[in-house]
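Residue numbers (my numbering): 10 to 180. Just so it is clear, CB atoms sit at the ideal spot from N, CA and C, and this is done for glycine as well. It should be emphasised that the depicted structure is a prediction, and the values quoted were computed from it without experimental measurement.
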Ligand SMILES: [Zn+2]
C-alpha cells in the first residue's frame, strides 16, 4: 500500500495522510476528510444545501455500508435514496420522513453491500468546479449508488412505505 490508502467503502485511492477516521462509516480517513470538505461547501451555500445536501449524506452513507456501520444507519439512508429516486421527494423533504421512520422501526434488517459499488465517489463531488457541477455530480452519484443496491430495492421499498406513513414491514 506504501503511501496510499484505499477506501473500504467506495474504493477511492488517495495519498495516505495523518488524518484519522472519525466515523463509524466503513471508510478511510482520507475519504472521510473529503466528505467533510463537501459538507462544508454545502453548509456554506444555502441554495446548494437545499438542492442536494440530504442526497449527499444518503449517497455517502450507503456507499460506505459494511464494517462497523450500523444496520439502522444504512437502512435509513437507503430509504432516503428511495424517497428521492422512486417517490420524487425533494432533498429537504427527506429528513423529516427519515426521522419519523427512525423512531418507529425497532428492528432493522441487515443488507449485505453489493460488490463493487459504482464509479462515482465523493471525490468527484469535491472536485466539481462550481455549485451547479457539484449538484449535478451529487445527483449522478446518488443515482448510481441507488442502482447498485438493486438486489435490496424491494426490502427498502417496504421501509420507504413506512417512512411515508404506512406500517413498518413485519419481519
Ligand atoms: Zn470512501
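- Task: Note down the Cα distance separating residue 37 from residue 22, rounded to an integer number of angstroms.
- Result: 9 Å
- Task: Check residue 15 in the structure and name its three-state DSSP category.
- Result: strand
- Could you tell me the distance, in whole angstroms, from the CA atom of residue 134 to the CA atom of residue 175? Approximately 34 Å between the Cα atoms of the pair.
- Task: May I have the straight-line CA-CA distance separating residue 40 from residue 150, to the nearest angstrom?
- Result: 15 Å
- Message: Let me make sure I understand the geometry here. Which of 55, 83, 111 has the alpha-carbon closest to that of residue 161?
- Response: Considering only alpha carbons, the answer is 83.
- Is any heavy atom of ligand 1 found at a distance shorter than 7 Å from the C-beta of residue 45? Residue 45: no, Cβ never under 7 Å from ligand 1.
- Task: Taking 8 Å as the cut-off, decide whether the C-beta atoms of residue 72 and residue 103 are in contact.
- Result: No; because the gap between Cβ atoms is not below 8 Å, this pair is not in contact.
- Query: Quick one: is residue 10 buried, meaning 16 or more other Cβ sit within 10 Å of its Cβ, or exposed?
  - Reply: Unreliable positioning characterises residue 10 in this predicted model, as indicated by a pLDDT of 49, which lies under 50. A coordinate reading is not provided.
- Message: Please determine whether the Cβ atom of residue 26 lies at a distance below 7 Å from any heavy atom of ligand 1.
- Response: no
- Query: ligand 1: which residues have Cβ under 5 Å from any of its heavy atoms, chain order?
  - Reply: 16, 18, 19, 21, 36, 40
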